[in-house]
Amino acid sequence: MNVENIIKDIEGVVFEANKDLTKFSTMRLKSVGDLLTVGSISGLKLCLKALAENSIEYRVLGMGANQLLTETSNIPYIKLALPFDKSYLSEVRDTYLLPASVTLSILSSHAVRNGLRGWEAFTGIPATLGGAIFMNAGTNLGEIGPLVTRVFTITKEGEEKIHTMNEDSFSYRKQNFLENGEFIYQVEMKHLGIDPSVSKQIKEYLELRNRTQPLKEWTCGCVFKNSKHKRTCLAGKFIDIMGLKGLTYNGMRISPKHANFMENTDSSSHKDVVALINIIKDELLLQYGVEFETEVKL
Ligand SMILES: Cc1cc2nc3c(=O)[nH]c(=O)nc-3n(C[C@H](O)[C@H](O)[C@H](O)COP(=O)(O)OP(=O)(O)OC[C@H]3O[C@@H](n4cnc5c(N)ncnc54)[C@H](O)[C@@H]3O)c2cc1C
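Residue 1181 is where the sequence shown starts when you use our numbering, and the numbers rise one by one after that.
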């Protein structure tokens, strides 16, 4: 049975076949695929259950800020679009219960307005809350992990689960509690108190990012992780020292502004990014004998 027939009677789920997904990733890679947009938790549950009963795999799509979408895909993408009433953020709360599809920029605005300590950690990161937790997104100011208290998910069999966070729940750019295919639909978050200086800190950090990162280009953020070398040997620094800034392969360019970013300058596709990543990896190994793991999901 095909996906369209399987989910056709499920309320709150919209199926689009062969959709142009180019705009569904921040790198704007040429991409076409089947898309399921899910607007309710009950719809998500039924949808995952129905797909599991028919042994159909799926990919979870957040804002696509850390995923390289392939040019075509036989596996459907599922995107969560839960309703969110922004008036929920009109007051400061001790804990927040938020849909996973809410964007971090909305949360950052709330943090700037109210000086929420801890929330400066995710300043300027383009992401849905679900994607940010999956990646334990963070900056030099911290990571989102320590702000999360509970994560509500649906397993790929369609069962609800609640994960209570502990000190092992997150590590550098990853979470350690989700099983394969498990879908985050809701998140409980805290802050670490009120501190008016946080607003200034967030604004200054945004200015710094604007100066040092190619935020006007189509990118997926940092391509390589820095962790293996304890962040003192930044991947971008190595790429810069090797003189690779500006190197372009089929329209995919190593950013002249920040060497750990790649810019899609001319409707490039997945294979072009992978080719450029492999060129960099080969050079890193040849010239310095170092290997960096990719941060972006290939
Ligand atoms: C300009 C730019 C700057 C960036 N700067 C930073 C930075 O400073 N720090 C940083 O950490 N990252 C940065 N990134 C990378 C990116 O923003 C983060 O990795 C972010 O967390 C990705 O979130 P997303 O919603 O786009 O997830 P996606 O990229 O869509 O998905 C990422 C992974 O999460 C999974 N996922 C997404 N939503 C869910 C869900 N609801 N349930 C279960 N799994 C899910 C996906 O399947 C995928 O495996 C940057 C990216 C860009 C384009």
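Ideal Cβ positions, reconstructed from N, Cα and C, are used throughout, including at glycine.
Since the structure is predicted, the reported quantities are computational estimates derived from the model, not experimental observations.
Mind checking whether the beta-carbon of Thr1217 lies closer than 7 Å to any heavy atom of ligand 1? no
Tell me the residue span of the alpha helix (DSSP H) that contains His1563. What is shown of the chain runs 1181 to 1478, which leaves residue 1563 out entirely.
Outcome for Glu1237 when other beta-carbon atoms lying within 10 angstroms are tallied against a minimum of 16: exposed
Hey, is Ile1364 close to ligand 1, as in C-beta under 7 Å from one of its heavy atoms? yes
Flag Gln1381 as yes when its Cβ comes closer than 7 Å to any non-hydrogen atom of ligand 1, and as no otherwise. no
What do you get for Val1470, buried or exposed, if any count of 16 or more other CB atoms within 10 angstroms of its CB means buried? exposed
Quick one: measure Cβ to Cβ for Asp1310 and Ser1281, integer angstroms, because I've assumed they're closer than 8 Å. Sequence inspection shows Gly at residue 1310; the Asp mentioned does not correspond to that position. About 7 Å; that satisfies the 8 Å criterion.
By Cβ distance, which residues of its chain are closer than 6 Å to Thr1445, with the 5 residues on each side in sequence left out? Gly1431, Arg1433
Using 7 Å as the cut-off, classify the Cβ of Cys1227 as near or not near the heavy atoms of ligand 1, replying yes or no. no
Measuring alpha carbon to alpha carbon, tell me which of His1450, Asn1406, Thr1303, Leu1216 ends up nearest Ile1190. Leu1216
Endpoints, alpha helix (DSSP H) assigned at Val1218: Val1218 -> not in any alpha helix (DSSP H); beta strand (DSSP E) instead, spanning 1212-1218.
Taking 7 Å as the cut-off, is the beta-carbon of Ile1305 closer than that to any non-hydrogen atom of ligand 1? yes
Please state the DSSP three-state secondary structure of Asp1420. helix
Considering only the alpha carbon of each residue, which of Gly1213, Lys1341, Arg1391, Gln1381 lies closest to Asn1294? Gln1381
Leu1395 Cβ short of 7 Å to ligand 2 heavy atom set: This structure does not include ligand 2; its bound ligands are ligand 1.
Provide the residue span of the alpha helix (DSSP H) that contains Lys1199, from first to last. That residue, Lys1199, is in no alpha helix (DSSP H); its beta strand (DSSP E) goes 1193-1200.
Are Met1207 and Cys1400 touching if we call contact CB-CB under 8 Å? yes
Exposure of Gln1467, with buried meaning 16 or more beta-carbon neighbours within 10 Å: exposed
Could you tell me which of Ile1255, Gly1426, Lys1437, Glu1233 sits nearest to Leu1241, measuring between CA atoms? Ile1255
For a quick check, are the C-beta atoms of Phe1441 and Gln1393 less than 8 Å apart? yes
Distance CB(Ile1334)-CB(Leu1424) smaller than 8 Å: no
I'd like the ranges of any beta strand (DSSP E) spanning at least 3 consecutive residues and lying wholly in the region 1306-1344. 1328-1334, 1340-1344
If you reduce the DSSP assignment to three classes, tell me which class Lys1408 lands in. Confidence at Lys1408 is low in this model, with a pLDDT of 48, below 50, so its placement is unreliable and the value that follows should be read with caution. The answer is helix: DSSP assigns Lys1408 an H, G or I state.
Within 7 Å: the Cβ of Gly1242 and any heavy atom of ligand 1? yes
Does the Cβ-Cβ distance between Met1480 and Asn1246 come in under 8 Å? What the structure shows of the chain is the stretch from 1181 to 1478, and residue 1480 is not part of that stretch, so it cannot be assessed.
Tell me which same chain residues have a C-beta within less than 6 Å of the C-beta of Lys1408, skipping the five on either side of it? In this prediction, Lys1408 scores a pLDDT of 48, lower than 50, which makes its location untrustworthy; no coordinate-derived value is stated.
Would Tyr1257 and Leu1201 be called neighbours here (beta carbons separated by less than 8 Å)? yes
For Val1367, name the three-state secondary structure that DSSP assigns. strand
Beta-carbon proximity list for Asp1420, same chain, < 8 Å, skipping 5 on both sides: Ala1439
Which same chain residues, not among the five before or five after Gly1325, have their C-beta less than 6 Å away from its C-beta? Asn1316, Phe1350
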